[in-house]
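**Q** What follows is a single structure, and I will ask about it in a moment.
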Amino acid sequence: MELTLSQLAVRFGCELVGDPDKVVSSLGSLEGAGPESITFLSNPKFKVHLPGTRAGAVLLAAGDAADCPVAALICDNPYTVYARVAQYLRPARQVVPGIHASAVVEKDASVSPTAEVAALSFVGAGARIGERVYIGPGCVVETGASIDDDTRLVGRVYVGERVIIGKRCILHPGCVLGADGFGIAPGGADGWVKVPQLGSVRVGNDVEIGANTTVDRGALEDTVLEDDVRLDNQIMIAHNVHVGAHTAMAGSVKVSGSTHIGRNCLIAGDAGFSGHISVADRVTITARTFVNHSIHEEGSVYSGALPMDEAGNWRRNSARFRQLDKLAKTVKRLDRAAGKREEEKP
Amino acid sequence: MELTLSQLAVRFGCELVGDPDKVVSSLGSLEGAGPESITFLSNPKFKVHLPGTRAGAVLLAAGDAADCPVAALICDNPYTVYARVAQYLRPARQVVPGIHASAVVEKDASVSPTAEVAALSFVGAGARIGERVYIGPGCVVETGASIDDDTRLVGRVYVGERVIIGKRCILHPGCVLGADGFGIAPGGADGWVKVPQLGSVRVGNDVEIGANTTVDRGALEDTVLEDDVRLDNQIMIAHNVHVGAHTAMAGSVKVSGSTHIGRNCLIAGDAGFSGHISVADRVTITARTFVNHSIHEEGSVYSGALPMDEAGNWRRNSARFRQLDKLAKTVKRLDRAAGKREEEKP
Amino acid sequence: MELTLSQLAVRFGCELVGDPDKVVSSLGSLEGAGPESITFLSNPKFKVHLPGTRAGAVLLAAGDAADCPVAALICDNPYTVYARVAQYLRPARQVVPGIHASAVVEKDASVSPTAEVAALSFVGAGARIGERVYIGPGCVVETGASIDDDTRLVGRVYVGERVIIGKRCILHPGCVLGADGFGIAPGGADGWVKVPQLGSVRVGNDVEIGANTTVDRGALEDTVLEDDVRLDNQIMIAHNVHVGAHTAMAGSVKVSGSTHIGRNCLIAGDAGFSGHISVADRVTITARTFVNHSIHEEGSVYSGALPMDEAGNWRRNSARFRQLDKLAKTVKRLDRAAGKREEEKP
């Protein structure tokens, strides 16, 4: 793929400052891009690299255009436009319809003739594979699961029984959808009694699920990821969780059972959620926060991670943490005594 | 499967208040169940849904029976009885004996004729697969591993060389038993020297292991999970760890090497354990606690996670954490001075 | 394999105190080893077991030799020498050249005739498999990936498109190299726009990658693990991260995007790194620390995990944490007042 800058400006709605006939065919960083590449400036932190860029053109906001030594493509959200340009110049691998000879597709599975089932993949009885779906190598799609049009299972993905996945989703290697939720009841002398997990997982459209992320099936009702949910790697979604549309979670987030997270939330890495709580729409959770109770206010921001310190300082301060309640009581007493002295002053 | 309420009461030891001939065939939540379903009330928090339930029957404690608008099945532990009823009404998929044509079973592996090896699974030389074992699609059972009767590898499970797994276990997709422990010795200019991991993993009976959980093989002796240990997803059990019978761990718990955890412990999500420590029986660890030293008292409860706060508050308070030792010293000094003043009072 | 103690002393550069003709053939712990085994004493904590050992010989430092009841092999770093002896006595499984009949190797992949591709593995178009490489059962090596000589993919490993892996690496089951990094741009009413991840992953020589660890491909440039990096299980390396040579990370460490970690660092379990920061060489990070800013000083040590406490104490102290800023202000005020009183003293 290649485009002239004028084609690019028209297609992606940018204002061009520079040679309209210049051709770009690849993508690069502000520092690394050569003249055949288009790049972008979004984070102000990287503006220092703008004067020295050798890129063919830079996607940037109007305010940065004056400092651009090469062709500028001015737009409101350069990062988003960059993403769209990159999708255009580097389209995802085309689906090659057909079932590889080494794949195993059970008799009554329904696989669209426009879908591709790659080598050594398994599609179970009654499963339904939609139009232009890509099932990469080594995937397992169990009995009765359903994968809707244009979804891609990159490779070695596991989709459990009866799990339902929407259109245009991307599932990365090692993710597991529809393993049993963790349901155990105390059985006295017999030890634990397993609680059968009878629900399933429902995934909306345009959802992306990262490598080695797990989304468990519900105990009775379904675990739900609404449209356009974006999950990074190694995330743990427990049974009966509900994640609202457009919510994004960075790596290693853990959501305990039956928790309901709103729409358009931003959850930073390694945050954790207690079970049976509810989080409003547009909430931001910063990295490594333990969300231990419900959040009712839309758009609020919560934190919970202590910043590190040099080890010796840390040791001294964290030892004091164990005395914090005592310390607070002493301060209260001293404060009360000081107040009394003030009153008694002649 | 279906049962009359009288059959159910007899089989599961409940007292029935309601029509003995009513038939139930499925399971549901207090809110969602219809008249063909049985449900349960265990958590008092859900009691608000009892008066409005449309279920066929509710498993509940004697004290809640008066408020039940439909048939009541009175028992001591409704959640446990529910689990047993659910197992009865929704039995796990039957094993279909045989080895799928696409599976690879090496010549001297021993697979019981009552076991099922599903599509695209591998069973290595000298491995032993017991009676009615289910090896789901895409599993790897390495050389010399042993899987005892009635155990289920749901799919895409990895069982390493010589790993020994007991009866009636359930291993969920993506779990890895018997990868090498993390053993490296400093080799000076040569960099790290790998320490061969010569032990194995031994898993007792009735153990459940969650999706993408990893249990490493021991360095010299074995890593051990005793009977009825229950592990949720994405748990990390390092080499030479020993987990006592009936201990349950929620998702993302990490146990460092050579740590010994007692029997009947309850470990909440994302807790972490230092290496080479020992935890007594019946200990409870709350969510996200860092267990940094041994716990000797049976039945004790330990915590270690800070509750989150609104981001601005959090920033102010956590900045003060870095001054905590200094703060404590100032308080001590002020307190001493105040004491002196008291003494000096005329 | 077996060796006399004199052969062992010569080969591994130890001083022998004991019978040079005694033969050892296996390895054991100080407590568990029998007379046919060699063991080691490194951690002083285990010295209590030395007088009672029944091992054939003990690798130990000169200062411990006097207390050794059996043959002693004196050396400077007993644990490292033990590792080398163990590698010698228990060599890794030999590669058996050839491609298993059930494996799928695409036509233009290049597989060395000395390499082994085990059952049910997939090697994509244009991939290159070097000399004596072992591709264990159930692995996926995607299009254009390259695996250099003597590297071992233990089983069920996923190597993404164009990923480059050096010599003598070990990749454990369930690890995923080269899944897409987590790149999403806000697209307004359209929801998230995926940012194509066009970089790859480059792994140096002698790297070990643990079970279910994920290393994402870069957005534009590559994610890099330099030579002799050692990663334990369930580690998350985000896109564009760079890890310097000889750095070791214990289980469940998370490194956010574009972070640069130096050489010879030691990162303990469950530590997390913010994105876009830089960590100097030889830095030590203790367990569960959140590295939220760059570390410039080589060899420094940082911490950030609060030690647990009995649950009641914890509750009281952590409740006070929410008042810490207020508390600090009160103390400041009291301190100021006390200072003033001192000045006013007659």
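Chains as they are written, first to last, in my numbering: chain A, 1 to 346; chain B, 1001 to 1346; chain C, 2001 to 2346. We put the CB at the ideal spot given by N, CA and C, even for glycine.
1) Taking Cβ-Cβ distances below 9 Å as the criterion, which residues of the region 1086-1111 of chain B are in contact with chain C?
2) Taking PRO78 of chain A as the reference, which of A:LYS332, A:LEU225, A:CYS14, A:SER258 has the closest Cα?
3) If you pair each beta-carbon of the region 1037-1046 of chain B with each one of the region 1127-1139 of chain B, do three or more pairs fall below 8 Å?
4) Under 7 Å between beta-carbons, which chain C residues line up against MET308 of chain A? List them in chain order, please.
5) Just confirm the distance between the C-beta atoms of VAL2095 of chain C and ARG2132 of chain C, as a whole number of angstroms; I'd bet it's less than 8 Å.
6) Are the Cβ atoms of VAL158 of chain A and ARG1282 of chain B separated by less than 8 Å?
7) Could you pull out every residue in the same chain whose Cβ sits closer than 7 Å to the Cβ of ASN212 of chain A, ignoring the five residues on either side in sequence?
8) With DSSP run on the structure shown, which of helix, strand or coil describes ALA248 of chain A?
9) Tell me whether the beta-carbon of GLN1261 of chain B lies closer than 8 Å to the beta-carbon of ALA1248 of chain B.
10) Using a Cβ cut-off of 8 Å, which residues of the region 207-225 of chain A contact any Cβ in chain C, in chain order?
11) How would you write the range of the beta strand (DSSP E) that GLU2015 of chain C sits in, first residue to last?
12) How long is the line joining the alpha carbons of VAL2279 of chain C and GLY2272 of chain C, rounded to whole angstroms?
13) Could you check what DSSP says for THR1080 of chain B in three-state terms: helix, strand or coil?
14) Just to confirm, are LEU1120 of chain B and LEU1073 of chain B a CB contact at a threshold of 8 Å?
15) Helix, strand or coil, according to DSSP, for GLY2257 of chain C in the structure here?
16) Terminal residues of the continuous alpha helix (DSSP H) containing ALA1337 of chain B?
17) Can you list, in chain order, the residues of its chain whose CB lies under 8 Å from that of LEU354 of chain A, leaving out five sequence neighbours each side?
18) Which same chain residues end up closer than 6 Å to GLY1299 of chain B when comparing Cβ atoms and leaving out the 5 residues on each side of it in sequence?
19) Could you check whether PRO1137 of chain B and ALA1118 of chain B sit closer than 8 Å to each other, using their CB atoms as the reference points?
20) At a Cβ threshold of 8 Å, is GLN234 of chain A touching chain C?
21) Alpha helix (DSSP H) containing LEU5 of chain A: first to last residue?
22) Closer than 9 Å by beta-carbon distance: list the chain C residues that pair up with GLY1136 of chain B, in chain order.
23) Taking the alpha-carbon of GLY1183 of chain B as reference, which of B:CYS1169, B:HIS1172, B:LEU1198, B:GLY1339 has the nearest alpha-carbon?
24) If we ignore side chains and look at the alpha-carbon of each, how far apart do ARG1152 of chain B and MET2236 of chain C end up?
25) Applying the 10 Å Cβ sphere with the 16-neighbour rule, what's the burial state of ASP1067 of chain B?
26) Should the region 2220-2234 of chain C be regarded as contacting the region 1180-1195 of chain B, the criterion being three or more beta carbon pairs within less than 8 Å?
27) How about the region 1137-1149 of chain B and the region 2141-2151 of chain C: do they share at least three Cβ pairs that are nearer than 8 Å?
28) Within its chain, find whatever has a CB closer than 6 Å to the CB of LYS2340 of chain C; leave out the 5 residues flanking it on each side and keep chain order.
29) Output, in chain order, the set of chain C residues within a Cβ distance shorter than 9 Å of GLY32 of chain A.
30) Tell me which residues share the same chain as ILE209 of chain A and place their Cβ nearer than 6 Å to its Cβ, disregarding the 5 neighbours each side in the sequence.
31) Could you give the distance in angstroms between the alpha-carbon of GLN2007 of chain C and the alpha-carbon of ASP2076 of chain C?
32) Which residues in chain C have a C-beta closer than 7 Å to the C-beta of THR1330 of chain B? List them in chain order.
33) Give the residues of chain C in contact with PHE1182 of chain B, contact being defined as C-beta atoms less than 8 Å apart.
34) Hey, could you find the ends of the beta strand (DSSP E) PHE321 of chain A is sitting in?
35) Among B:LYS1107, B:ARG1322, B:ARG1315, B:ASN1313, which one has its Cα closest to the Cα of ASN317 of chain A?
36) In chain order, what residues of the same chain have a beta carbon less than 7 Å from the beta carbon of PRO2097 of chain C, not counting five sequence neighbours either side?
**A** According to the structure shown:
1) Listed by position along the chain: SER1102, ALA1103, VAL1104, GLU1106.
2) The sequence position of residue 78 of chain A within the first sequence is 78, counting from 1. For PRO78 of chain A, the nearest C-alpha among the options comes from A:CYS14.
3) no
4) The residue given as residue 308 of chain A occupies position 308 in the first sequence. In chain order, THR2289, PHE2290, VAL2291, ASN2292, TYR2302, SER2303, GLY2304 make up the part of chain C whose C-beta sits under 7 Å from the C-beta of MET308 of chain A.
5) The residue labelled residue 2095 of chain C in the question sits at position 95 within the third sequence. The residue labelled residue 2132 of chain C in the question sits at position 132 within the third sequence. Between ARG2132 of chain C and VAL2095 of chain C the Cβ distance is about 5 Å, and since that is below 8 Å, they are a contact.
6) As a working note, residue 158 of chain A is residue 158 in the first sequence. As a working note, residue 1282 of chain B is residue 282 in the second sequence. Checking the sequence, you will find Tyr at residue 158 of chain A rather than Val. No.
7) For the purposes of this step, residue 212 of chain A is identified with residue 212 of the first sequence, where counting begins at 1. Contacts found: GLY174, CYS175, ASN233, GLN234.
8) As a working note, residue 248 of chain A is residue 248 in the first sequence. Strand.
9) Here residue 1261 of chain B refers to the residue found at position 261 of the second sequence. Here residue 1248 of chain B refers to the residue found at position 248 of the second sequence. According to the sequence shown, residue 1261 of chain B is Ile rather than Gln. No, the pair does not count as a contact, with Cβ atoms beyond the cut-off.
10) Within the region 207-225 of chain A, those residues whose Cβ lies closer than 8 Å to any Cβ of chain C are, in chain order, GLU208, GLY210, ALA211, ASN212.
11) On the third sequence, residue 2015 of chain C is found 15 positions in, with the first residue counted as 1. It spans 2015-2017 - the beta strand (DSSP E) in which GLU2015 of chain C sits, taken as one unbroken run.
12) Taking the third sequence and counting its residues from 1, the one referred to as residue 2279 of chain C is at position 279. Taking the third sequence and counting its residues from 1, the one referred to as residue 2272 of chain C is at position 272. Distance between the alpha carbons of VAL2279 of chain C and GLY2272 of chain C: 12 Å.
13) Translated into positions along the second sequence, residue 1080 of chain B becomes position 80. Reduced to three states, the DSSP call for THR1080 of chain B is helix.
14) Taking the first residue of the second sequence as 1, we reach residue 1120 of chain B at position 120. Taking the first residue of the second sequence as 1, we reach residue 1073 of chain B at position 73. Not in contact: LEU1120 of chain B and LEU1073 of chain B (Cβ atoms no closer than 8 Å).
15) The residue you call residue 2257 of chain C lines up with position 257 of the third sequence. Three-state DSSP puts GLY2257 of chain C in coil, outside helix and strand.
16) The residue labelled residue 1337 of chain B in the question sits at position 337 within the second sequence. ALA1337 of chain B -> alpha helix (DSSP H) spans 1324-1344.
17) Lying before the first or after the last residue shown, residue 354 of chain A is absent from chain A, which here runs from 1 to 346.
18) As a working note, residue 1299 of chain B is residue 299 in the second sequence. So the list reads ARG1282, once near-sequence residues are dropped.
19) For this step, residue 1118 of chain B is matched to residue 118 along the second sequence. For this step, residue 1137 of chain B is matched to residue 137 along the second sequence. Yes; because the gap between Cβ atoms is below 8 Å, this pair is in contact.
20) Your numbering for residue 234 of chain A matches position 234 in the first sequence. Taking Cβ atoms only, chain C reaches closer than 8 Å to GLN234 of chain A, which makes this a yes.
21) Taking the first sequence and counting its residues from 1, one reaches residue 5 of chain A at position 5. Per DSSP, LEU5 of chain A belongs to the alpha helix (DSSP H) from 5-12.
22) For the purposes of this step, residue 1136 of chain B is identified with residue 136 of the second sequence, where counting begins at 1. The contacting residues do not exist; GLY1136 of chain B stays about 13 Å from chain C at best.
23) On the second sequence, position 183 is the one that residue 1183 of chain B refers to. Of the candidates B:CYS1169, B:HIS1172, B:LEU1198, B:GLY1339, the one whose C-alpha sits nearest the C-alpha of GLY1183 of chain B is B:LEU1198.
24) Translated into positions along the second sequence, residue 1152 of chain B becomes position 152. Translated into positions along the third sequence, residue 2236 of chain C becomes position 236. Straight-line Cα distance between these residues: approximately 29 Å.
25) Translated into the one-based positions of the second sequence, residue 1067 of chain B becomes position 67. Classification for ASP1067 of chain B: exposed.
26) A contact exists between the region 2220-2234 of chain C and the region 1180-1195 of chain B.
27) no
28) In the third sequence, counting from the first residue as 1, residue 2340 of chain C sits at position 340. Correct list: empty, nothing qualifies.
29) Indexing the first sequence from 1 puts residue 32 of chain A at position 32. Those within 9 Å of GLY32 of chain A in chain C are LEU2220, GLU2221.
30) Here residue 209 of chain A refers to the residue found at position 209 when the first sequence is read from its first residue. If we look at ILE209 of chain A and ignore the five residues flanking it on each side, its Cβ neighbours are LEU171, CYS175, LEU231.
31) Within the third sequence, numbered from 1, the residue matching residue 2007 of chain C stands at position 7. Within the third sequence, numbered from 1, the residue matching residue 2076 of chain C stands at position 76. Going from the Cα of GLN2007 of chain C to the Cα of ASP2076 of chain C covers about 18 Å.
32) Sequence index remark: in the second sequence, residue 1330 of chain B carries index 330 (1-based). Per Cβ cutoff of 7 Å: VAL2331, ASP2335.
33) As a working mapping, residue 1182 of chain B is identified with position 182 in the second sequence. In chain order: GLY2210, ARG2230, ASP2232, ASN2233, ALA2250, GLY2251.
34) The residue given as residue 321 of chain A occupies position 321 in the first sequence. Where PHE321 of chain A is concerned, there is no enclosing beta strand (DSSP E), although the alpha helix (DSSP H) it sits in stretches over 311-321.
35) Residue 317 of chain A sits at position 317 when you count from the first residue of the first sequence. The residue with the shortest Cα to Cα distance from ASN317 of chain A is B:ARG1322.
36) For the purposes of this step, residue 2097 of chain C is identified with residue 97 of the third sequence, where counting begins at 1. These residues qualify, in order along the chain: PRO2113, THR2114, ALA2115, GLU2116.
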